[in-house]
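Undergrad: Take a look at the following structure, please.
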Amino acid sequence: MALVAALSQEKFWFDKSKYDDAEAAYYQKSAQ
Amino acid sequence: MVAGTLYTYPENFRAYKALIAAKYSSADVKVASNFVFGETNKTEEFLKKFPSGKVPAFESTDGKCLQDSNAIAYYVANDQLRGKSDFEKSQVLQWIFFAETEILPASCAWVFPVLGIIQFEKKVFERSKEDVKSALNILDAHLLTRTYLVGERVSLADIVVACTLLHLYTHVLDPEFRKPFVNTNRWFTTVINQSQFKEVAGEVKFCEKVAEVDH
Amino acid sequence: MVAGTLYTYPENFRAYKALIAAKYSSADVKVASNFVFGETNKTEEFLKKFPSGKVPAFESTDGKCLQDSNAIAYYVANDQLRGKSDFEKSQVLQWIFFAETEILPASCAWVFPVLGIIQFEKKVFERSKEDVKSALNILDAHLLTRTYLVGERVSLADIVVACTLLHLYTHVLDPEFRKPFVNTNRWFTTVINQSQFKEVAGEVKFCEKVAEVDH
Chain L
-5 MALVAALSQE KFWFDKSKYD DAEAAYYQKS AQ
Chain P
4 MVAGTLYTYP ENFRAYKALI AAKYSSADVK VASNFVFGET NKTEEFLKKF PSGKVPAFES
64 TDGKCLQDSN AIAYYVANDQ LRGKSDFEKS QVLQWIFFAE TEILPASCAW VFPVLGIIQF
124 EKKVFERSKE DVKSALNILD AHLLTRTYLV GERVSLADIV VACTLLHLYT HVLDPEFRKP
184 FVNTNRWFTT VINQSQFKEV AGEVKFCEKV AEVDH
Chain R
4 MVAGTLYTYP ENFRAYKALI AAKYSSADVK VASNFVFGET NKTEEFLKKF PSGKVPAFES
64 TDGKCLQDSN AIAYYVANDQ LRGKSDFEKS QVLQWIFFAE TEILPASCAW VFPVLGIIQF
124 EKKVFERSKE DVKSALNILD AHLLTRTYLV GERVSLADIV VACTLLHLYT HVLDPEFRKP
184 FVNTNRWFTT VINQSQFKEV AGEVKFCEKV AEVDH
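Protein chains in written order, with the numbering used here: chain L, -5 to 26; chain P, 4 to 218; chain R, 4 to 218.
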């Protein structure tokens, strides 16, 4: 399937939520 | 009236955004026929116009070059799609960024392992389903009292968010999973059945049964 | 003239975008003083206005609510910052999405382990440096013949891309690493030294020596 081959060459931020959680925790700690 | 060539591989949901926007605005956007993904976008000539080598990429007939699917869709759209007032324009942008930063990462993390595009990682996979649920819930609450995402007519917000949801609705949102999101399903079905959307993306087949992840 | 309240935690580069844009447009944007990140943004009242619970979030004095840092910056900006023509507006969007999709992921993957915000993973860490290099190279080539990213004056493109580069320039781009990117360094230094930028982000201290990763 050409689409799968094309998509596999693209870059996506798969683990963005991991970074979002870590950033929120870091700034929540400094805020509190 | 904007006219030009869009470089992309077939069935690219990102390219759909500009092609659908052009149907509404009557911009004359043609998909390059001689484009081979992985080759054309690596040539010197292409990289000179489009330094990141990414698609979709757009070149207008008067030589203006743009990359990024949302920027291209914005350029070939019209004021109706972009939003009338400054606030509406900002709301359209808000939903476009919602699609890019809240829906797309979760969609890829869920759909790509199912399609065998990336390695299955249980933790990331399970988390992506939660993220998809919360994104669909936000849409569902917003669409309880609204037909479209911004104002009373279709805008780039509807086009971009619906295009970004295509992989989810066709590959992994089976009837069971999507059942609670009544307003989002209603909105999505309306958007994909607009003639401008259908001419570009064709008939959207809703997922009946999620394919097993290829471990 | 737009006026309203911005909800954010201190030193949030995402909030800087709107605050700097407001300095150029003279919009009256005040940072909420009684906001405690992790508490206020979890209250019923906040979530009713801002369903995702994320910051920055903006409420205008006439009750308009917006989320997403770029949408807020767009709303409090002026036409000069947004881009004059449709093409300029699209170019501004192109660079804003470049910041969100090319710079931010790489910046987080490189800076967060150094700050101890996230677990160090060698492969991801090394890959992020390559991604930062390619993003800086694209900027550098573009800025060889240009003072600003779009047109001949500061726009939202410069503000958003510069704010997104702040973590990199202050925490990990030591003199050795940043040396080759002459045009980008020139542009970045110009943007952060505009009074509107300085009033919000203060004096930007360039990284002298990268802190050891806290394994």
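Each residue gets a CB set at the ideal place from its N, CA and C atoms; glycine is no exception.
#1: Could you give the residue range of the alpha helix (DSSP H) that holds Gln70 of chain P?
#2: Kindly say whether Gln97 of chain R, judged by its beta-carbon, lies nearer than 9 Å to any beta-carbon of chain P.
#3: Select from the segment 100 to 131 of chain P all residues with a C-beta closer than 8 Å to any C-beta belonging to chain R, and list them in chain order.
#4: Does the Cβ of Gly41 of chain P have 16 or more other Cβ atoms within 10 Å, making it buried, or fewer, making it exposed?
#5: Interface residues of chain L around Phe40 of chain P at Cβ under 9 Å?
#6: Give me the residue from R:Gln199, R:Ala112, R:Phe184, R:Val185 with the minimum Cα distance to His170 of chain R.
#7: Just verifying my parser: in three-state terms, what is the DSSP assignment at Leu176 of chain P?
#8: On the premise that Ile75 of chain P lies in contact with Leu69 of chain P, defined as a C-beta separation below 8 Å, what is that separation, rounded to the nearest angstrom?
#9: At 7 Å on the CB atoms, spell out the chain R contacts of Ile23 of chain P, in chain order.
#10: Just grab the DSSP bridge partners of Asp143 of chain P for me.
#11: Do Phe209 of chain P and Thr167 of chain P have their beta-carbon atoms positioned less than 9 Å apart in this structure?
#12: Would a C-beta distance cut-off of 9 Å place Tyr78 of chain P and Lys92 of chain P closer than the cut-off?
#13: Counting only Cβ pairs nearer than 7 Å, list the residues of chain P close to Tyr172 of chain R.
#14: Short check: CB of Thr11 of chain P to CB of Phe53 of chain P, under 9 Å?
#15: Residues of the segment 134 to 147 of chain P with a CB closer than 9 Å to any CB of chain R: list them in chain order, please.
#16: Provide the residue span of the alpha helix (DSSP H) that contains Tyr19 of chain R, from first to last.
#17: Looking at Gly56 of chain R and Asp31 of chain R, is the spacing between their C-beta atoms short of 9 Å?
#18: How is the alpha helix (DSSP H) around Leu107 of chain R delimited, first residue to last?
#19: Where does Ser93 of chain R fall in DSSP's three states?
#20: Can you name the residues of chain R whose CB is closer than 8 Å to the CB of Leu9 of chain P?
#21: I'd like to check one pair, Arg181 of chain P with Leu146 of chain P: are the Cβ atoms closer than 9 Å?
#22: One question on the structure: do Leu152 of chain R and Asp143 of chain R come within less than 9 Å of each other, judged by their Cβ atoms?
#23: Tell me the DSSP secondary structure of Leu9 of chain P in three-state form.
#24: Using a Cβ distance threshold of 8 Å, determine whether the segment 14 to 33 of chain R contacts the segment 197 to 206 of chain P, with at least three qualifying pairs required.
#25: So Val32 of chain R is in the beta strand (DSSP E); what residue range does that whole segment cover?
#26: Quick check on Glu42 of chain R: does DSSP put it in helix, strand or coil?
TA: On the basis of the coordinates in this document:
#1: No alpha helix (DSSP H) holds Gln70 of chain P; the beta strand (DSSP E) holding it covers 68 to 70.
#2: yes
#3: Phe100, Phe101, Glu103, Thr104, Glu105
#4: exposed
#5: Ala(-4), Ala(-1), Ala0, Gln3
#6: R:Ala112
#7: coil
#8: 5 Å
#9: The premise fails here: Ile23 of chain P is roughly 16 Å from chain R at the closest Cβ pair, so nothing lies under 7 Å.
#10: Partner(s): none; Asp143 of chain P has no beta bridge.
#11: no
#12: no
#13: Per Cβ cutoff of 7 Å: no residues; Tyr172 of chain R is ~21 Å from chain P at best.
#14: no
#15: Ser137, Ala138, Asn140, Ile141, Ala144, His145
#16: 16 to 28
#17: no
#18: 107 to 118
#19: helix
#20: Those do not exist, as Leu9 of chain P stays about 14 Å from chain R at its closest Cβ, beyond 8 Å.
#21: no
#22: no
#23: strand
#24: no
#25: 31 to 34
#26: coil
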